[in-house]
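Novice: First, the structure itself, so that you have it in front of you.
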Amino acid sequence: MAADAAAAADTFPKLLVRNARLFGARPAMRHKDLGIWQTWTWAEVLDLVRAYAVGLNRLGIKRGETVAIVGANRPKLYWSVMAVQMLGAVPVPVYADAVADELAYVLSHAEVRFAVVEDQEQVDKILAVMDRLPKLQEMIYDERRGLRDYDHTHLHPIDDVIEEGRKALADPEVAAWLDAEIEGGKGSDPSIILYTSGTTGVSKGVVLTGERSIVAASDSVRFDKLTEKDVALAYLPLAWVGDHYLNYAQGLVAGFCTACPENSDTAMQDLREIGPTFYFAPPRTLELLLTRVTIRMEDAGFLKRKMFHFFIDVARKYGERILNKEPVPIFGRLLYWLGELLVYGPLKNVLGFSKVRVAYTAGEAIGPDLFAFYRSIGLNLKQLYGQTEAFLYLTAQPDGQIYADTVGPVFPNVDIRIAEDGEVLFKSPGMFEGYFKDEQKTAEVMTPDGYVKTGDAGFFDEKTGHLKIIDRAKDVGRLNNGTLFPPKYIENKLKFYPNIREAVAYGDKRDFVAVMLNIDLTAVGSWAERNNVVYASYQELAQHPLVYDMIEKHVAEVNKSLAADKMMAGAQIKRFLILHKELDADDGELTRTQKVRRGFIAERYAPLIKALYGGAPEADIATEVTFEDGRKGVIKARVKIRDMKIEPASPAMGKAA
Amino acid sequence: MRAPSGPDVAVGEVLLSVENVSLSFGGVKAVSDVSFDIRKGEIRAIIGPNGAGKTSMLNIINGFYHPQQGRITFKGMTRAKMRPYEAAYGGIARTFQNVALFRGMTALDNIMAGRSLKMHRGFFWQLLRHGPALEEEVEHRRRVEEIIDFLKIQEIRRTPVGRLPYGLQKRVELGRALAMEPDLLLLDEPMAGMNLEEKEDMSRFILDVNDHYGTTIALIEHDMGVVMDLSDRVVVLDHGVKIADGTPAQVKSDQAVIDAYLGVAH
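As given, the protein sequences belong to chains A and B, one line each in that order.
Under this note's numbering, the first residue of the first sequence carries the number 1172, and numbering increases by one thereafter.
Under this note's numbering, the first residue of the second sequence carries the number 75, and numbering increases by one thereafter.
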């Protein structure tokens, strides 16, 4: 099997050579360009990457040095990673939507002399901060558009670099040299540096090695039985560890085909066209999909609506049990089969899930209803848990052991220990070498006996042996009356409602829990249309009294649910407000992977926090915002605050942990 | 490494000129004795208060209206009036103030419609979609996809145009005009109804069209910022009469223009 043969290859370039030999004619990469899907086989990719590597070498890239890769999921950027690795240099991917400051930080910290970028936008961003990047010498770009008139002394199109390399490769000595470089690559050398977006503090560069990455990826390929016949859509950021692991590493180990969408807006349509067999989405994306489906169903005709609701109920009753291979009465199976024909099949088809064998979600807790929904219509959705420092997989749910509120048992070959204070510690085959140029932080995050601290608080569930994550260890706080306060737990309960896009909870060292919410414009906008609520802007809709009433109902339900858990009953939400603007990564309020930065938000919205805890019914706030092109503006608003009733604690009977 | 400095499309000889053109609708004089020219490769703005005769001027160039007096010279040929098919075959394409797309057709089909003049295979062969007709269609489809890529409207290729927001409809209409591979592109208020970010996008597209395809552009526009930033030369009309003609800087400081249209800061 491909995964076993991979053990012999300890670097990604060696794997690429192996794949060209074993699966030369099979598709390795697809990209939708000018409306049609273009395909490259493994043999073609090897050929291209070899030429590219030689071209890059002639530009001056040396073994061991760092090369920045800035852009979205495109074949040429993946090949850039491969070509750089072929030379023994270290690629440093950066998020395509990073603002100039973030780019400047990473590029200067990583000391890159060369940067491979996607298009004019990235070139302009880097040019704007050139004064902070004294080491940067050359830029190589993919898309020519708009760059025709730029000074090309230090700017090169990727196609030209590949062409140069191809010409040079005609010389057998150069070819032999390249083969020797590939053979000479050591598995213990750094193979990539991934900068993690910090929820607190500056990003750190996680250094991974080829050998460990391949061993880890081989474990998961075996776990999910991935083969060269599988297909995945690479639509999540190239700079994110998930993409490097799930698409790049697993793709090279198993030999499957990675498809790149046309652009981020067409990703959903492209998903449907490609019909992947393996799929990953963060809970937020799954929420958005379900919201979109629900909204469209509300607009559908009477018959379709009735049919949809009826069969979704059937799925709720029998779907998960059928997927889990549990006993189900014949009548139920018949109804479900009918539902598959009429509703679930077409629905999965529209969402692009028809061929998905295994789907994962991770990154945040997923709402039990949301999780159950997808499983009930036959999508084999499972949870996994991991970190960039572990090169992803720490735990994952195997088929047959799927629960909404756990992240699964410990992954094969991974070692997890829970510290005294509840922090999760690990040792894994794929774990990182250290933080780039930061021995101190590396030492801080390791225990004396070589375990890595994840920074998450969790515990193993007695009944199932699965790990459960509560929250970030340092975020778990306590109210002044001693009640445990895990903010994420409460925020997740709120975010399960489609109308609530984001929630930020406060309560540590305070008298009670208060939350700030963002409404979801699509869901609430659609609700507004159906209820004749008129609005001219997001701000107006967010502050509308009827919207507040609707959100208040959701908050009340969350309070009821908290009241049912004896640990959480004291952490019910006493006051809430709806923010006048959406929290945005460009303003620093969210990380690039859409996680809230509670501390930063508390500072930024200090007047609102003061009003929440001071008892005021409303508060004025003026916030500075950053537009997409980097310019700044100010938004002013008068935000209303609502008080909530606290439910008496009433633990439900016989619920699972 | 330095970013490029400014528009550097070489402006050439006169592509189109109107001389002493007058147009009346009964007693209303829409255009009175107006003369100006448009040079190859430039971006020419036509500005003025509402009712000045700007759209009428465009319609005269296009052939929708026939002036009672005056001459139109296009690519060396002088005519008393233009006919729409002469304008189209000659390489003039335009967009409309209120968007004139086929609302039930997809964006892709609308832009394909712009290729009609370039489709040479007979109706019968096109019906069968066979042989040379198929090759031709594939080639046209490729051109249209290049325009879709240029205007970044991939995600709405197959959306019926009637469902699109106004700003995107305008972009599709621009795409349809570009599909004609025109020498002269007439844009009637391309920025109307757009917010700042949309205007910036549209301005970028207009500049790119001028730069990338070398197309000469005549545009009617009310946003002075856009006019000053984009255009090489400006013609100002008021009540059907030309009151100024020159570079943006010249026109901006012309007293007659300030009195009639621009006003002063208080």
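No residue lacks a Cβ here, since even glycine has one placed at the ideal position from N, Cα and C.
Three or more C-beta pairs under 8 Å: does that hold for the region 1185 to 1199 of chain A against the region 1421 to 1433 of chain A?
Specialist: yes
Novice: What in chain B is Cβ-close to T1437/A, meaning under 8 Å?
Specialist: For this step, residue 1437/A is matched to residue 266 along the first sequence. Going along chain B in sequence order, the residues near T1437/A (Cβ under 8 Å) are Q228 and E229.
Novice: Using only CA atoms, which one of I230/B, R245/B, I117/B and I317/B lies nearest to D333/B?
Specialist: Here the question's residue 333/B lines up with position 259 in the second sequence. For the residues I230/B, R245/B, I117/B and I317/B, the minimum Cα distance to D333/B belongs to I317/B.
Novice: By DSSP's criteria, N1689/A is part of a beta bridge. Which residues make up the other side?
Specialist: Walking along the first sequence from the start, residue 1689/A turns up at place 518. Residue pairing by DSSP puts N1689/A in a beta bridge opposite E1673/A.
Novice: May I ask you to verify whether the region 1318 to 1332 of chain A touches the region 1201 to 1221 of chain A, counting CB pairs closer than 8 Å and requiring at least 3?
Specialist: no
Novice: At the 9 Å Cβ level, is R1201/A part of the contact set with chain B, yes or no?
Specialist: Reading the first sequence from its first residue, position 30 is the one you call residue 1201/A. Under the 9 Å criterion on CB atoms, R1201/A is classed as non-interfacial with respect to chain B.
Novice: Ignoring anything shorter than 4 residues or poking outside the region 188 to 256 of chain B, list the alpha helix (DSSP H) runs there in chain order.
Specialist: 197 to 202, 205 to 225 and 240 to 253
Novice: Just the C-alpha distance for D303/B and I280/B, rounded to the nearest angstrom, thanks.
Specialist: Within the second sequence, the letter at position 229 stands for residue 303/B. Within the second sequence, the letter at position 206 stands for residue 280/B. Answer to the nearest angstrom: the Cα atoms are 11 Å apart.
Novice: Flag this pair as touching only if the region 166 to 182 of chain B and the region 196 to 207 of chain B have three or more C-beta atom pairs under 8 Å; answer yes or no.
Specialist: no
Novice: What three-state label does DSSP hand V1695/A in the structure shown?
Specialist: Working through the first sequence from its first residue, we reach residue 1695/A at position 524. In this structure, V1695/A counts as helix in the three-state DSSP scheme.
Novice: Cβ closer than 7 Å: which chain B residues qualify as neighbours of E1433/A?
Specialist: As a first step, residue 1433/A must be located in the first sequence, where it is residue number 262. Under the 7 Å cutoff, chain B gives Q228.
Novice: Buried or exposed: K1247/A, going by 16 or more other Cβ atoms within 10 Å of its Cβ?
Specialist: Counting from 1 along the first sequence, the entry for residue 1247/A is found at position 76. Buried is the label assigned to K1247/A, since at least 16 other Cβ atoms lie within 10 Å of its Cβ.
Novice: Judging by CA-CA distance, which residue of E211/B, K244/B and M254/B is the nearest neighbour of A266/B?
Specialist: For this step, residue 266/B is matched to residue 192 along the second sequence. Of E211/B, K244/B and M254/B, the residue nearest in Cα terms is K244/B.
Novice: So which residues on chain A does E220/B lean against when the C-beta distance must stay under 7 Å?
Specialist: For this step, residue 220/B is matched to residue 146 along the second sequence. In chain order: L1205.
Novice: If you count every other CB in all the chains shown that lies within 10 Å of the CB of A119/B, and 16 or more means buried, which is it?
Specialist: Against the second sequence, residue 119/B aligns to sequence position 45. Flag for A119/B reads buried.
Novice: At which residue ranges does the region 1772 to 1804 of chain A contain complete beta strand (DSSP E) runs of 3 or more residues, listed in the order of the chain?
Specialist: 1789 to 1797
Novice: Going by the DSSP bridge assignment, what does M276/B pair with across the sheet?
Specialist: Along the second sequence, one-based indexing puts residue 276/B at 202. The partner list for M276/B (beta bridge, DSSP) is empty, contrary to what the question assumes.
Novice: For G1741/A, which residues of its own chain have a beta-carbon under 6 Å away from its beta-carbon, when the five flanking residues on both sides are left out?
Specialist: Indexing the first sequence from 1 puts residue 1741/A at position 570. If we look at G1741/A and ignore the five residues flanking it on each side, its Cβ neighbours are T1654.
Novice: Could you check if W1250/A is buried or exposed, using at least 16 other CB atoms within 10 Å of its CB as the buried criterion?
Specialist: By one-based count along the first sequence, residue 1250/A stands at place 79. Buried, because 16 or more other Cβ atoms sit within 10 Å of the Cβ of W1250/A.
Novice: Tell me whether F1562/A sits in a helix, a strand or coil according to DSSP, three-state version.
Specialist: Reading the first sequence from its first residue, position 391 is the one you call residue 1562/A. In this structure, F1562/A counts as coil in the three-state DSSP scheme.
Novice: By DSSP's criteria, Y1312/A is part of a beta bridge. Which residues make up the other side?
Specialist: By 1-based counting over the first sequence, the position of residue 1312/A is 141. In DSSP, Y1312/A forms a bridge with V1288/A and P1328/A.
Novice: Taking the alpha carbon of L1230/A as the point to measure from, which residue in A1275/A, L1219/A and Q1308/A has its own alpha carbon closest?
Specialist: In the first sequence, counting from the first residue as 1, residue 1230/A sits at position 59. Comparing alpha-carbon positions, the option among A1275/A, L1219/A and Q1308/A lying closest to L1230/A turns out to be Q1308/A.
Novice: D161/B and G137/B look like a contact to me (Cβ under 8 Å); what is the Cβ gap, rounded to whole Å?
Specialist: Locating residue 161/B in the second sequence gives position 87, where the first residue counts as 1. Locating residue 137/B in the second sequence gives position 63, where the first residue counts as 1. The sequence given here places Ala at residue 161/B; Asp does not occur at that position. That pair is a contact at about 5 Å.
Novice: Output the distance between the C-alpha atoms of S130/B and T1437/A, rounded to the nearest integer angstrom.
Specialist: Counted from its first residue, the second sequence places residue 130/B at position 56. Counted from its first residue, the first sequence places residue 1437/A at position 266. If you take the alpha carbons of S130/B and T1437/A, they lie about 40 Å apart.
Novice: Going by other Cβ atoms of all chains shown within 10 Å of its Cβ, with 16 needed for buried, is D1320/A buried or exposed?
Specialist: Your numbering for residue 1320/A matches position 149 in the first sequence. Counting Cβ neighbours within 10 Å, D1320/A comes out exposed, since fewer than 16 surround it.
Novice: If you reduce the DSSP assignment to three classes, tell me which class V301/B lands in.
Specialist: Within the second sequence, residue 301/B is the residue found at index 227, counting from 1. Note: V301/B maps to helix in three-state DSSP.
Novice: Around the C-beta of T1566/A, are 16 or more other C-beta atoms found within 10 angstroms, so that it is buried, or is it exposed?
Specialist: Here residue 1566/A is taken as the residue at index 395 of the first sequence, counted from 1. Its Cβ being crowded by 16 or more others within 10 Å, T1566/A is buried.
Novice: So which residues of chain A does R245/B contact, with C-beta pairs closer than 7 Å?
Specialist: Reading the second sequence from its first residue, position 171 is the one you call residue 245/B. By Cβ distance, chain A contributes nothing, its closest Cβ being about 13 Å from R245/B, past 7 Å.
Novice: Please check if any C-beta of chain B sits within less than 9 Å of the C-beta of F1285/A.
Specialist: The residue you call residue 1285/A lines up with position 114 of the first sequence. With 9 Å as the cut-off, F1285/A does not count as an interface residue toward chain B.
Novice: Given a threshold of 16 other Cβ atoms within 10 Å of its Cβ, counted over all protein chains shown, does N1147/A qualify as buried or as exposed?
Specialist: An answer regarding residue 1147/A cannot be provided, because it is not within the stretch 1172 to 1828 covered by chain A.
Novice: For D1313/A, does the count of other Cβ atoms within 10 angstroms reach 16, so buried, or fall short, so exposed?
Specialist: Residue mapping note: residue 1313/A aligns to position 142 of the first sequence, counting from 1. It counts as buried.
Novice: Helix, strand or coil: how does DSSP classify T1635/A here?
Specialist: Taking the first residue of the first sequence as 1, we reach residue 1635/A at position 464. Three-state DSSP puts T1635/A in coil, outside helix and strand.
Novice: Taking 8 Å as the threshold, find out whether the region 1618 to 1633 of chain A comes into contact with the region 1587 to 1596 of chain A through three or more Cβ pairs.
Specialist: yes
Novice: Are any of the Cβ atoms in chain A nearer than 9 Å to that of H286/B?
Specialist: Walking along the second sequence from the start, residue 286/B turns up at place 212. True, the Cβ-Cβ gap to chain A drops below 9 Å.
Novice: Mind checking whether V301/B and I121/B have CB atoms under 9 Å apart?
Specialist: Position 227 of the second sequence, counted from the first residue, corresponds to residue 301/B. Position 47 of the second sequence, counted from the first residue, corresponds to residue 121/B. Yes.
Novice: What residue does the beta strand (DSSP E) around E93/B start on, and which one ends it?
Specialist: Along the second sequence, read from residue 1 onward, the residue named residue 93/B stands at position 19. V88 to F99 is the span of the beta strand (DSSP E), which, as asked, contains E93/B.
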